[in-house]
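Beneath this line is the structure, given in structure tokens, with notes to follow.
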């Protein structure tokens with residue numbers, strides 16, 4: 006199996022419908038600015054450089070969880086709204 010880096014994995018994830026919107030936190034040793042830019046261009050939700058500071062990482066995870074919960078609630082609202090409009094028709 007060929008090895009791929011995290012940016013390539015993220016790029017592949019964004020091409021697959023079932024993982025396209027999955028929240029992603031990139032953990033990297035890289036100090037290169039272009040790696041950070043590439044991650045955000047591929048819609049990474051956060052980029053954390055190693056070594057990871059525990060509090061920083063927990064804060065990032067909490068934000069991702071809150072984001073995911075809001076997105077799921079909005080999606081449910083849109084589905085319910087669509088159902089009501091179909092029933093009225």
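Numbering (the numbering used here), first residue to last: 6 to 94. We put the beta carbon where it would ideally sit given N, CA and C, even for glycine. Since this is a predicted model, take the numbers as computed values, not measurements.
* How is the alpha helix (DSSP H) around residue 47 delimited, first residue to last? -> Translated into the one-based positions of the chain shown, residue 47 becomes position 42. Where residue 47 is concerned, there is no enclosing alpha helix (DSSP H), given that its DSSP letter is neither H nor E.
* To do: List the endpoints of the continuous beta strand (DSSP E) containing residue 51.
  => Numbered from its first residue, the chain shown carries residue 51 at position 46. Per DSSP, residue 51 belongs to the beta strand (DSSP E) from 51 to 54.
* Asked: Going straight from the alpha carbon of residue 7 to that of residue 39, what length do you get?
  -> Taking the chain shown and counting its residues from 1, one reaches residue 7 at position 2. Taking the chain shown and counting its residues from 1, one reaches residue 39 at position 34. Between residue 7 and residue 39, the C-alpha separation is close to 23 Å.
* Asked: Helix, strand or coil: which one does DSSP assign to residue 75?
  -> On the chain shown, position 70 is the one that residue 75 refers to. Helix, per DSSP.
* According to DSSP, is residue 6 helix, strand or coil? -> As a position in the chain shown, residue 6 is number 1, starting the count at 1. For residue 6, the pLDDT reaches just 48, beneath the cut-off of 50, and the residue's location in the model is therefore unreliable, although a value from the coordinates is still provided. Of the three classes helix, strand and coil, the one that applies to residue 6 here is coil, per DSSP.
* To do: Would you give the residue range spanned by the alpha helix (DSSP H) that residue 20 belongs to?
  => As a working note, residue 20 is residue 15 in the chain shown. First-last of the alpha helix (DSSP H) with residue 20: 11 to 20.
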